[in-house]
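Take a look at the structure below.
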Amino acid sequence: MQNRAADEPLRVLLTGAGSIGKRHALNLRGLAPGAQLAMVCGSDESAAWARQNDITVVPTVEAALARKPQLAVVCSASSRHAHDLAILMDAAQALYIEKPVVTNADALRFLRNDIAQGWAKPSVVGCNLRYLGAVQKLQQAIRDGMAGRIAIATLQVGQWLPDWRPGRDYRESYSAHRDQGGGVIFDLVHELDSAVNLFGDIAHGQAAAGRSGGLQIDSDDAAAITLQMASGLPVQITLDYTSRKPVRQYCVVGDKGTLRLDIVGKSLTLETGDGKLDLPTQPSDWDMGSTYKLAMQDLLNALGSAAPTRYSLAQSLHVTQWMIDLESSAWRMKAQ
Numbered sequence: 321m322q323n324r325a326a327d328e329p330l331r332v333l334l335t336g337a338g339s340i341g342k343r344h345a346l347n348l349r350g351l352a353p354g355a356q357l358a359m360v361c362g363s364d365e366s367a368a369w370a371r372q373n374d375i376t377v378v379p380t381v382e383a384a385l386a387r388k389p390q391l392a393v394v395c396s397a398s399s400r401h402a403h404d405l406a407i408l409m410d411a412a413q414a415l416y417i418e419k420p421v422v423t424n425a426d427a428l429r430f431l432r433n434d435i436a437q438g439w440a441k442p443s444v445v446g447c448n449l450r451y452l453g454a455v456q457k458l459q460q461a462i463r464d465g466m467a468g469r470i471a472i473a474t475l476q477v478g479q480w481l482p483d484w485r486p487g488r489d490y491r492e493s494y495s496a497h498r499d500q501g502g503g504v505i506f507d508l509v510h511e512l513d514s515a516v517n518l519f520g521d522i523a524h525g526q527a528a529a530g531r532s533g534g535l536q537i538d539s540d541d542a543a544a545i546t547l548q549m550a551s552g553l554p555v556q557i558t559l560d561y562t563s564r565k566p567v568r569q570y571c572v573v574g575d576k577g578t579l580r581l582d583i584v585g586k587s588l589t590l591e592t593g594d595g596k597l598d599l600p601t602q603p604s605d606w607d608m609g610s611t612y613k614l615a616m617q618d619l620l621n622a623l624g625s626a627a628p629t630r631y632s633l634a635q636s637l638h639v640t641q642w643m644i645d646l647e648s649s650a651w652r653m654k655a656q
């Protein structure tokens, strides 16, 4: 990979102009001063926002290649990721890929083939909970044996979909449409990734998913996933678009106690037969906004030094495979 000169402005392409694309663009302004940003904009509104923030508007990823982007942020609708990656894995020097990486088996095979043939550019996949201090402290508590031998774990996340993106009709978002990569198994893949991050690889899994009818969407608004990790540990994950009060809680049950992480409520506790102990945390451990910056800084550091990132494209493929398999199996189950 050709290194960028220290005094050369970093050329960045963002493939989408939704809320996450805008977040990354503003973060890059602070993390990479002087960077030249270009953004693929699909509407007049997003194009106007880009111009107001000194970002060059481009109509397509293909058109942006004339700018020779060095860092590409794949933040288009989930169903577009495969298209964008097919172009940018060759064209860019480094990639930040929003979750889910891809949403179908053919696209995943393409990625596996490229990596098997030696593709190893710096990359980060945007499972940003890996960068949250509170999750890291839960992980350390598990490693330290605070709960003893782990017997079972449950991970729950839910939020009312119309509240996700204020000012935008939820029915027009990719989340609402399965053919655009929507549905809770794809959209809320963070918890599947957290299961692997906390407990190791998955050996077996099954999923049931459904649409309650409370939302005007054609994707699944709830799912229950049961996993057996390679270690033998059973893990239960529930995902939904319908919780009116946001919830993101992890419960890890061991023979010495139960660790509970409440990300929304900002608490990490250990429950034993003697009572409940609040484990020490600090305000920065709960700063979700900072996780996006930490992940992007991870990639910028790798671009400058070729150091490994915390969560690369190659590392993400295990979770991506299980996500696709579980989502497909849930739909097949409903069709029977």
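Residue numbers (my numbering): 321 to 656. Ideal Cβ positions, reconstructed from N, Cα and C, are used throughout, including at glycine. Since the structure is predicted, the reported quantities are computational estimates derived from the model, not experimental observations.
By the criterion of a C-beta distance shorter than 8 Å, A337 is surrounded in its chain by M359, V360, C361, G362, S363, S366, A367, W369, A370, once the five residues flanking it on both sides are discounted. The Cβ atoms of G574 and S551 do not sit closer than 8 Å to each other. Secondary structure note for S399: it is in no beta strand (DSSP E), with a DSSP letter that is neither H nor E.
Contact between the segment 586-594 and the segment 413-433 is absent: fewer than three C-beta pairs spanning the two stretches fall below 8 Å. Boundaries cannot be given for I537, as no beta strand (DSSP E) includes it and DSSP labels it neither H nor E. In this structure, the alpha-carbon of A529 lies about 24 Å from that of G446. Note on P486: under 16 other CB atoms within 10 angstroms of its CB, so exposed under the neighbour-count rule.
Burial of N347 is indicated by the presence of at least 16 other C-beta atoms within 10 angstroms of its C-beta. Only residues of its own chain outside the window of five on either side were considered, and among them L481, Y490, G502, L535, Q536, I537, D538, S539 have a CB closer than 8 Å to the CB of A496, listed in chain order. Taking 3 residues as the minimum length, the beta strand (DSSP E) runs contained wholly in the segment 580-631 are 587-592, 595-598, in order along the chain. Residue state for V572 is assigned as strand, using DSSP reduced to three classes. Under the criterion of beta carbons closer than 8 Å, Q372 and Q390 do not qualify as touching, at roughly 24 Å. I505 sits close to A543, with the two beta carbons spaced by under 8 Å. Scanning the segment 461-545 from its first residue to its last, the whole beta strand (DSSP E) runs of 3-plus residues come out as 470-478, 522-530. Remark: fewer than three beta-carbon pairs, one from each stretch, lie closer than 8 Å, so the segment 423-434 and the segment 446-460 are not flagged as touching. In the three-state DSSP reduction, R331 falls in the strand class (E or B). Straight-line measurement puts the Cα of Y570 at about 16 Å from the Cα of L597. In this structure G525 is not in contact with W651, their Cβ atoms being roughly 15 Å apart against a cut-off of 8 Å.
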